[in-house]
Structures are given as C-alpha cells and as structure tokens.
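*Asks:*
Protein chains: 2
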Amino acid sequence: MADQGEVKLLKTWSSLFGLRVVWALKLKGIPYESVDEDLTNKSDLLLQYNPVHTKVPVLIHNGKPICESLVILEYIDETWSQNPPSLLPQDPIQRASARFWAKFMDEKALPSMWQAFTKKGREQEEGLASIAEKLKLLEAELEGKKFFGGEEIGIPDFALGWLVNLVPVFEEILGLKIVDEERHPSLSEWSRRISDIRVIEESWPPRDKLVTKWAAIRDHFLATARASSG
Amino acid sequence: MADQGEVKLLKTWSSLFGLRVVWALKLKGIPYESVDEDLTNKSDLLLQYNPVHTKVPVLIHNGKPICESLVILEYIDETWSQNPPSLLPQDPIQRASARFWAKFMDEKALPSMWQAFTKKGREQEEGLASIAEKLKLLEAELEGKKFFGGEEIGIPDFALGWLVNLVPVFEEILGLKIVDEERHPSLSEWSRRISDIRVIEESWPPRDKLVTKWAAIRDHFLATARASSG
C-alpha cells in the first residue's frame, strides 16, 4: 500500500458528522491521528483550519484541511481510490443517486428529526410527522437493496448513520418509537447491517454518555423556548 | 465528439438553480432539449422524474433523471469529462475546496440573501448583516483568482450565479446596494467576468420580467407575514 501521508482528524467524541469520517477512514484502512476537540473551548488548530465554520470534522492531510463531512467523504474516496470499498458507485447515474440521497439525509431528514427532538407540543408533532414522511421515502428507496448505493456501503449510508446510533437514544429520551420493524423493515435490516460492521461497532460512543448528553441538550432547548415565550 | 445521448432539461424560465445547469451544458457544448415547467401546474414528467422534491431542475439523460442542481453539475462533469471546461479542478484538495464553497453558497449565503430580501424591519437588518458577513468571506476567498476554482469557471461559480443576475434585481427592488465595487472589488470583477461569457449572457432571463416577478414575491412574503402577525 502506498504511503498515505499524514492524516489527522479533528472531531468530538460524540459528533455524528465526525463519525462519518471515522467510518470511511477505518473501512478504507487509512491510519490517522484522532484529535478530540472541546467545542466550548475551540483549539487554535480548529480555528486555523476551519475558519469559516469553526466546526468539526476537519480532515488534515499533509497539512491541508478539508471541511464539511460530505466533502471530506468525497475527498477520501478520490484520494484513496485504490482502497476498497468505493464510497460511491462507479456508474454516473448511480453516483448521482447516492449524492442525491446523502443531501436528502442532511437537508431534509436530519432537520425533521432535530425538530421532533428539540421541540414539544404542536411543533414536536409537526417534526414527528415530517420525519415519518422522510422515513417513508427512505424505506421505499432502500427496499430490495443492501445499502443505499447497492451492494457496497457508501456515502449515503454514512450520511444516515445517525439513524443507527442516535435515533435509539432520541427514542429512549422521548419515550416513543420513530423507526420500527413493521413500518420500516428495510431500514431496520439496514440498521442491523451497519451495526454489525466491526469498525463501525467499535466506534460507537458509549450509549449512556450519549443519553446523558442529548437529554441535557433537549432540556436546554426546551428551557430556551420557555424563556423566549415567557 | 461522441454521441451525447438524449438530454432533456426540466426548468422554469427564471429558476436560478435551472440556470446553473443551462450554463454547464452550454459551456460544455452539450445539445439538449429545454422543457419549461409551470410550477403552479406541474407536469406529469416533473412528478414522475423528481417525485421526492417535485422541483426543477431535472436533467433527463437517456430517460434517466438526475435531480438537485449541484448533483446534476457533478453528473455533467463526470459524464462529459472529455468536453472542456472541467467543472471541478483536477487536484483533490482544490476539488474539495470547490465543493466546500458551492455548499457554502447554497447553505449559508443564499439563505442570508433570502432573509434580506423577503423580510422587513429588524429581521431584514439581520439578513443584510448576515449576507454582508458571507460576502466578506467570499471576497477574501476570491482575491487574486479569476474564478473560485482558479483559472477555470466551475461548480462554485455556477452556485453563486444568483449574485450576478439576481442580486442587482433585489437591489433595485429594495433600493439599496448589497454588492459594491469598494467593499467587493474581487466579487465585482468576477461578476463582470461571468456576465461577459457569451453563453451565460445569452441565457439571462429578461431583467424587467425578473423585477416584476421578484417584486411580487417580496410583496407576497410581506403580506403573509402581516397576516400571521396581525
């Protein structure tokens, strides 16, 4: 295998966007140094390498930064194209479909999930209805396939990774089911398929720490909403 | 030149997202059939080919649809890689940078511009402050370069196309300047460079029709806001 150069990843212990990059690097067998950021006290490295958003993840390859998780995934796939698996299908129409769904997960599904999780009352109901509608589309898209791109795991699967490890946490905190076997057989099977991949399983943040963290985030959002309407 | 296959583009006469695709096809010299949609009465073709968003643009290549303008641009670049110009730089780091800025223009700059245009009072002030901040970053990024990707026009330039043809329309309607020579010398020069490209200049929708359309859209948003707060 060719020299990979120096690869460093700025992330946090719980960032769902950071995990996408961890999975890609690990699946492709690319050695890297992981640097955990504290977003309440951002490092000079983060401010220097992602001055526009000052957010994680940032991949630093031979001293050059790449920001935005979906952009990083494309970079990894192009730079280490010799390392399987390919993160995008080879066929241009299928590549376009994979990119379409990755965008959909970030721009449509995730905001709906976020609304369902951080709001209450009517706004939460709307968020739940909205995520249900998005899941219906994802379920239909996935039917009969192993992964969103076909036979191989790839960028859209990473983009929906939060469904596998974060939605169960949200369900526990909210005390309701969002994804279930009956309405979402393909998504449920896909979730198990993702969870069974060793390098992904090994990288899950501890469940109890996630529950504590996200319960506090929800409380914070509800308190802020009360304060601004009170 | 190889057979291009059958290329059809669903768009509207004024869609800024549709124009991105028009420019890419024309610059690469790809013959296509243009189908203008009426979004108040969507065609069966649009509902069939973009069932998820039912939005333009949709590129249909040999009967297969590709949706989302940035995804379409990547598809065009991959499928007709032999036709210059390349819409992304060859170097992986520069490709990542081009994708980063295209995302920034869609996800950060355009929503700020939208807020500045469709709101009034304090909300509009916030929108204007926000777009000013985004333009400062874009100005710094562009300094010393012909286009966002370097020497060649490409995806991030198309993604910011609305700055060239739509912002002057917004400025006229609002009666204020958003982009100016003094604060934005590089963006101003870039705008002229884009406007001077013949296939882009030819594709501008008529200025007076744009002013009428967007003034009506702004009135609609302000009336809706009054109705919901009144």
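Top line first, the protein sequences correspond to chains H and D.
Note that the first sequence covers residues 1 to 230 in UniProt numbering.
Note that the second sequence covers residues 1 to 230 in UniProt numbering.
No residue lacks a Cβ here, since even glycine has one placed at the ideal position from N, Cα and C.
CB Val7 (chain D) to CB His53 (chain D), shorter than 8 Å?
*Replies:* Taking the second sequence and counting its residues from 1, the one referred to as residue 7 (chain D) is at position 7. Taking the second sequence and counting its residues from 1, the one referred to as residue 53 (chain D) is at position 53. Going by C-beta atoms, Val7 (chain D) is not nearer than 8 Å to His53 (chain D).
*Asks:* Using only alpha-carbon positions, find the residue among H:Met105, H:Ile197, H:Trp80 and H:Lys26 that is nearest to Pro92 (chain D).
*Replies:* As a first step, residue 92 (chain D) must be located in the second sequence, where it is residue number 92. Considering only alpha carbons, the answer is H:Trp80.
*Asks:* Report the neighbours of residue 253 (chain H) on chain D: residues whose CB is nearer than 7 Å to its CB, in chain order.
*Replies:* Because chain H spans 1 through 230 in this model, residue 253 (chain H) falls outside it and cannot be assessed.
*Asks:* Chain H beta carbons: is any one of them nearer than 8 Å to that of Ile66 (chain D)?
*Replies:* As a first step, residue 66 (chain D) must be located in the second sequence, where it is residue number 66. With 8 Å as the cut-off, Ile66 (chain D) counts as an interface residue toward chain H.
*Asks:* Give the single residue among H:Leu138, H:Glu141 and H:Ser14 whose Cα lies nearest to the Cα of Pro206 (chain H).
*Replies:* Taking the first residue of the first sequence as position 1, residue 206 (chain H) is located at position 206. If we check each option's Cα against that of Pro206 (chain H), H:Ser14 comes out closest.
*Asks:* Beta strand (DSSP E) containing Glu201 (chain H): first to last residue?
*Replies:* Indexing the first sequence from 1 puts residue 201 (chain H) at position 201. Careful: Glu201 (chain H) lies outside any beta strand (DSSP E), inside the alpha helix (DSSP H) at Arg198 to Ser203.
*Asks:* Taking buried to mean at least 16 other C-beta atoms within 10 Å of its own C-beta, is His184 (chain H) buried or exposed?
*Replies:* The residue you call residue 184 (chain H) lines up with position 184 of the first sequence. The residue is buried, with at least 16 neighbouring Cβ atoms inside 10 Å.
*Asks:* Could you tell me the alpha carbon to alpha carbon distance between Leu59 (chain D) and Leu187 (chain D), rounded to whole angstroms?
*Replies:* Here residue 59 (chain D) refers to the residue found at position 59 when the second sequence is read from its first residue. Here residue 187 (chain D) refers to the residue found at position 187 when the second sequence is read from its first residue. Cα to Cα, Leu59 (chain D) sits roughly 29 Å from Leu187 (chain D).
*Asks:* Quick test of the definition: if touching needs 3 or more C-beta pairs under 8 Å, does the segment 211 to 225 of chain D touch the segment 106 to 123 of chain D?
*Replies:* Yes, the segment 211 to 225 of chain D is in contact with the segment 106 to 123 of chain D.
*Asks:* Are there 16 or more other CB atoms within 10 angstroms of the CB of Met1 (chain D), so buried, or fewer, so exposed?
*Replies:* For the purposes of this step, residue 1 (chain D) is identified with residue 1 of the second sequence, where counting begins at 1. The predicted position of Met1 (chain D) is uncertain, since its pLDDT is 45 and thus under 50; a value taken from the coordinates is nonetheless stated next. It is exposed - the Cβ of Met1 (chain D) has fewer than 16 other Cβ atoms within 10 Å.
*Asks:* Drop a sphere of 10 angstroms on the beta-carbon of Gly175 (chain D), count the other beta-carbons inside from all chains shown, and report buried for 16 or more, exposed for fewer.
*Replies:* Here residue 175 (chain D) refers to the residue found at position 175 of the second sequence. With fewer than 16 Cβ atoms within 10 Å of its Cβ, Gly175 (chain D) is classed as exposed.
*Asks:* Less than 8 Å between the CB atoms is what I'm expecting for Ile66 (chain H) and Ala140 (chain D), so what's the real figure, rounded?
*Replies:* Walking along the first sequence from the start, residue 66 (chain H) turns up at place 66. Walking along the second sequence from the start, residue 140 (chain D) turns up at place 140. Going by Cβ atoms, the distance from Ile66 (chain H) to Ala140 (chain D) rounds to 19 Å, so no, they are not a contact pair.
*Asks:* What residues in its chain sit with their C-beta under 7 Å from that of Leu16 (chain D), if we drop five residues either side in the sequence?
*Replies:* Working through the second sequence from its first residue, we reach residue 16 (chain D) at position 16. The answer, listed in chain order, is Gly161, Trp162 and Leu166.
*Asks:* Answer yes or no: does any C-beta atom of chain D fall closer than 8 Å to that of Val21 (chain H)?
*Replies:* Along the first sequence, one-based indexing puts residue 21 (chain H) at 21. Closer than 8 Å: no.
*Asks:* Exposed or buried, Arg226 (chain H), counting other C-beta atoms within 10 Å across all chains shown (16 or more means buried)?
*Replies:* The residue labelled residue 226 (chain H) in the question sits at position 226 within the first sequence. Exposed.
*Asks:* If we count the other Cβ atoms within 10 Å of its Cβ and call it buried at 16 or more, is Asn41 (chain H) buried or exposed?
*Replies:* Within the first sequence, residue 41 (chain H) is the residue found at index 41, counting from 1. Exposed.
*Asks:* Taking CB distances under 8 Å as the criterion, tell me whether Lys103 (chain D) reaches chain H.
*Replies:* Counted from its first residue, the second sequence places residue 103 (chain D) at position 103. So, interface residue.
*Asks:* Chain H beta carbons: is any one of them nearer than 8 Å to that of Leu137 (chain D)?
*Replies:* If you number the second sequence from 1, residue 137 (chain D) lands on position 137. By this cut-off, Leu137 (chain D) is an interface position.
*Asks:* Got a sec? Which residues, its chain only, sit under 6 Å from Phe148 (chain D) by beta carbon, not counting five neighbours each side?
*Replies:* Taking the second sequence and counting its residues from 1, the one referred to as residue 148 (chain D) is at position 148. Same-chain partners within the cutoff: Trp101, Pro156 and Asp157.
*Asks:* What residue range does the alpha helix (DSSP H) around Ile178 (chain H) cover?
*Replies:* Against the first sequence, residue 178 (chain H) aligns to sequence position 178. Looking at the DSSP string, Ile178 (chain H) is not in any alpha helix (DSSP H), and its letter there is neither H nor E.
*Asks:* Under 8 Å Cβ-Cβ, which residues of chain D neighbour Val71 (chain H)?
*Replies:* Counting from 1 along the first sequence, the entry for residue 71 (chain H) is found at position 71. Residues of chain D passing the Cβ test: Ala96, Arg99, Phe100 and Lys103.
*Asks:* For the alpha helix (DSSP H) that His220 (chain D) lies in, which residues bound it at each end?
*Replies:* Start at 1 with the first residue of the second sequence, and residue 220 (chain D) comes out as number 220. Run containing His220 (chain D): Arg207 to Ser229, per the alpha helix (DSSP H) assignment.
*Asks:* Expressed to the nearest angstrom, what Euclidean distance is found between the alpha-carbon atoms of Ile178 (chain D) and Glu126 (chain H)?
*Replies:* For this step, residue 178 (chain D) is matched to residue 178 along the second sequence. For this step, residue 126 (chain H) is matched to residue 126 along the first sequence. Near 36 Å, if we compare the C-alpha coordinates of Glu126 (chain H) and Ile178 (chain D).
*Asks:* Taking Cβ positions, are Asp36 (chain D) and Lys11 (chain D) nearer each other than 8 Å?
*Replies:* By 1-based counting over the second sequence, the position of residue 36 (chain D) is 36. By 1-based counting over the second sequence, the position of residue 11 (chain D) is 11. Contact flag set, yes.
*Asks:* Could you tell me which of D:Ile76, D:Leu47 and D:Val56 sits nearest to Gly5 (chain D), measuring between CA atoms?
*Replies:* Along the second sequence, read from residue 1 onward, the residue named residue 5 (chain D) stands at position 5. With distances taken between Cα atoms, Gly5 (chain D) lies closest to D:Ile76.
*Asks:* Output needed for Ile194 (chain D): all residues of its chain with C-beta closer than 8 Å, excluding positions within five of it in sequence on either side, in chain order.
*Replies:* Your numbering for residue 194 (chain D) matches position 194 in the second sequence. Taken in chain order, the residues that qualify are Ile153, Asp157, Gly161, Val164 and Ile200.
*Asks:* Can you list, in chain order, the residues of its chain whose CB lies under 6 Å from that of Lys26 (chain D), leaving out five sequence neighbours each side?
*Replies:* On the second sequence, residue 26 (chain D) is found 26 positions in, with the first residue counted as 1. Result list for Lys26 (chain D): Val199, in chain order.
*Asks:* If contact means a Cβ-Cβ distance below 7 Å, which residues of the UniProt domain "GST N-terminal" (5 to 84) of chain D contact chain H?
*Replies:* Cβ contacts with chain H come from Val52, Lys64, Ile66, Cys67, Glu68, Val71, Glu74, Tyr75, Glu78 and Thr79.
*Asks:* Nearest-angstrom Cα distance between Glu189 (chain H) and Val71 (chain H)?
*Replies:* Position 189 of the first sequence, counted from the first residue, corresponds to residue 189 (chain H). Position 71 of the first sequence, counted from the first residue, corresponds to residue 71 (chain H). Their backbone Cα atoms lie some 27 Å apart in a straight line.
*Asks:* How would you label Asp106 (chain H), buried or exposed, when you count the other beta carbons within 10 angstroms and need 16 or more for buried?
*Replies:* Sequence index remark: in the first sequence, residue 106 (chain H) carries index 106 (1-based). Buried.
*Asks:* Fully enclosed by the segment 10 to 84 of chain D, which beta strand (DSSP E) runs are 3 residues long or longer?
*Replies:* Listed in chain order, the complete beta strand (DSSP E) runs (minimum 3 residues) inside the segment 10 to 84 of chain D are 33 to 36, 58 to 61 and 64 to 67.
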